[in-house]
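Enquirer:
In this note's numbering, the protein residues as written are 191 to 664.
This is the structure we're talking about:
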């Protein structure tokens with residue numbers, strides 16, 4: 191289940207699980223099509239098929255019948271919650287997801303979807319609690335770590351965010367959603383060149399892949415590049431970049447947003463780019479707006495969702511489901527807990543990353559002058575470094591043999607082997623083979639490209655602090 195950042199043009203007040211799209215007209219609940227003659231297994235299969243196609247309401251007609259056939263299946267409740275979430279029926283989504291977790295407290299889809307919903311609720315601690323259920327059980331996914339990273343960015347904890355992005359990339363190398371969010375994270379902290387480096391690389395790779403496969407190019411990298419350029423202080427250029435992939439109307443709506451980004455404190459920037467919310471102007475952010483929908487279309491979609499909420503409530507009954515707590519769940523300690531706490535303390539030590547002073551809606555001439563002075567005094571931006579992961583092994587002996595098998599490759603001729611000890615998703619100790627660091631994402635990506643052409647594995651990760659040099663015994 192992909193979890194990605196909503197394009198800012200949608201002004202969605204939560205992380206969505208798919209790109210913005212106009213919802214299809216709500217059909218009759220499918221009884222005329224023979225839905226009532228199907229068993230729960232077939233209903234689930236059809237519901238999932240339409241859900242994967244982004245046809246939430248059509249999917250719902252099958253799942254709402256399936257839940258009557260098998261009301262104790264957590265997969266069905268989680269899928270219904272996902273559909274309600276996508277249709278912006280937040281309360282109904284929450285109820286269905288909590289029903290799923292009451293049946294299975296570690297249900298992956300229910301936890302991840304409810305975590306995404308909690309981000310929109312401005313409940314970061316609850317979000318992390320939900321995701322920790324997966325992570326402490328060794329069941330973390332690229333999507334769950336992507337969400338955790340965004341939460342840490344929203345909390346003003348960039349070091350923790352980068353650690354989470356790295357864990358996500360280990361599980362899904364070069365994942366474009368994670369890379370895009372990491373680029374925004376870097377820009378939020380003022381590392382604009384590094385952010386543009388990542389987005390440029392993503393754009394080039396996506397264009398090449400789309401050209402080879404005959405698909406239309408994705409606009410996500412360009413949309414996020416506009417945000418980065420706006421945060422850098424070039425709002426007019428941001429609008430021009432956005433105009434290459436957005437309609438005139440979308441750019442017009444976004445321009446006041448771009449105008450303000452450069453003058454926000456880091457945490458306010460995070461709220462702006464990840465949630466579409468500006469300080470002192472939250473009342474103008476419409477949660478229900480969908481890109482290129484008219485106001486009437488959005489209203490109709492909300493009415494359709496409300497009808498489905500009422501219909502499903504009739505099917506399930508109106509009994510409230512209590513919120514799930516992890517208080518009584520097994521508290522499994524992972525090897526990274528101590529490192530996590532140290533990173534939290536480092537994040538808290540940076541008051542400039544925790545500023546909460548509201549910024550005036552538009553900068554004054556004095557503000558503009560102050561900003562330029564600050565930029566001039568700051569000097570050249572330091573490009574962040576990256577490690578390259580060459581593989582994961584079940585023992586240090588296997589780790590050494592792994593290095594022996596690739597060390598003769600020309601791309602690795604200038605590197606000494608490093609390693610990081612961690613835990614696998616199954617809870618076993620693993621040894622990750624690393625080299626680096628290298629300066630800049632593009633440099634790391636070029637090395638990985640060369641290694642992959644030589645049939646060697648390679649993943650670009652944010653620089654790690656807990657690596658050791660691999661020492662060979664005589």
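Even glycine gets a Cβ: it sits at the ideal position worked out from N, Cα and C.
#1: Under 8 angstroms by Cβ, that's how I've got residue 421 and residue 452 pegged, so tell me the actual separation to the nearest angstrom.
#2: Can you name, in chain order, every residue of its own chain whose Cβ lies under 7 angstroms from the Cβ of residue 294, other than the five neighbours on each side?
#3: Cα separation between residue 353 and residue 425?
#4: Provide the residue(s) that pair with residue 583 in DSSP beta bridges, ordered along the chain.
#5: Does the beta-carbon of residue 661 have 16 or more other beta-carbons within 10 angstroms, so that it is buried, or is it exposed?
#6: Would you report the Cα separation of residue 605 and residue 357, rounded to the nearest angstrom?
#7: Cutting at 7 angstroms between CB atoms, please list the residues of its own chain near residue 646, excluding the five before and the five after it.
#8: Which runs of the alpha helix (DSSP H) at least 4 residues long sit entirely within the stretch 585-656? Give them in chain order.
#9: Roughly how many angstroms separate the alpha carbons of residue 464 and residue 591, rounded to a whole number?
#10: If distances are taken between C-alpha atoms only, which option among 249, 377, 233 comes closest to residue 240?
#11: On the CB-based measure, 16 or more other CB atoms within 10 Å of its CB, does residue 437 come out buried or exposed?
#12: Please state whether the Cβ-Cβ distance between residue 301 and residue 321 is less than 8 angstroms.
#13: Round the Cβ separation of residue 169 and residue 593 to the nearest angstrom and send it over; I've been treating them as touching at under 8 angstroms.
#14: Can at least three beta-carbon pairs, one atom from the stretch 344-351 and one from the stretch 383-390, be found at a separation below 8 angstroms?
#15: For residue 575, which of helix, strand or coil comes out of DSSP?
#16: Of the choices 327, 297, 231, 254, whose alpha-carbon is the least far from that of residue 618?
#17: Where in the stretch 422-479 do unbroken runs of the alpha helix (DSSP H), each at least 4 residues long, occur, reported from the N-terminal end onward?
#18: Which whole-angstrom value is the C-beta distance of residue 450 and residue 430, which I expect to be below 8 angstroms?
#19: Which word fits residue 674, buried or exposed, when buried means at least 16 other C-beta atoms lie within 10 angstroms of its C-beta?
#20: Please report the straight-line C-alpha distance between residue 312 and residue 641, rounded to a whole angstrom.
#21: Rounding to the nearest angstrom, what Cα-Cα distance links residue 278 and residue 303 in this structure?
#22: I'd like to confirm the pairing. Which residues does DSSP put opposite residue 658 in its beta bridges?
#23: Are residue 271 and residue 252 touching if we call contact CB-CB under 8 angstroms?
#24: What do you get for residue 370, buried or exposed, if any count of 16 or more other CB atoms within 10 angstroms of its CB means buried?
#25: With 16 other CB atoms within 10 Å as the buried threshold, where does residue 614 fall?
#26: Classify residue 288: buried if its beta carbon has 16 or more other beta carbons within 10 angstroms, exposed otherwise.
#27: Relative to the C-alpha of residue 587, which candidate in 330, 448, 623 has its C-alpha closest?
#28: Smallest Cα separation from residue 610: which of 630, 603, 632, 577?
#29: So, with DSSP's three-state summary, where would you put residue 342?
#30: For a quick check, are the C-beta atoms of residue 256 and residue 230 less than 8 angstroms apart?
#31: Since residue 355 and residue 652 are thought to touch, with beta carbons under 8 angstroms apart, how far apart are those beta carbons, to the nearest angstrom?
#32: Expressed to the nearest angstrom, what Euclidean distance is found between the alpha-carbon atoms of residue 632 and residue 390?
#33: Exposed or buried, what is residue 676 when buried is set at 16 or more other beta-carbons lying within 10 Å of its beta-carbon?
#34: Alpha carbon to alpha carbon, how far is residue 681 from residue 324?
Expert: The answer reads as follows:
#1: 6 angstroms
#2: 264
#3: 30 angstroms
#4: 621
#5: exposed
#6: 23 angstroms
#7: 580, 596, 599
#8: 586-596, 631-643
#9: 43 angstroms
#10: 249
#11: exposed
#12: yes
#13: With the chain covering 191 to 664 only, the question about residue 169 has no answer from this structure.
#14: no
#15: strand
#16: 327
#17: 425-433, 438-451, 456-465
#18: The Cβ separation is near 17 angstroms, so there is no contact.
#19: Since the first residue of the chain shown is 191 and the last is 664, residue 674 is not available in this structure.
#20: 42 angstroms
#21: 12 angstroms
#22: 609
#23: no
#24: buried
#25: exposed
#26: buried
#27: 623
#28: 577
#29: helix
#30: yes
#31: 6 angstroms
#32: 9 angstroms
#33: Because the chain here runs from 191 to 664, residue 676 falls outside it and cannot be looked at.
#34: Look at the range of the chain in this structure, 191 to 664, and you will see that residue 681 is not part of it.
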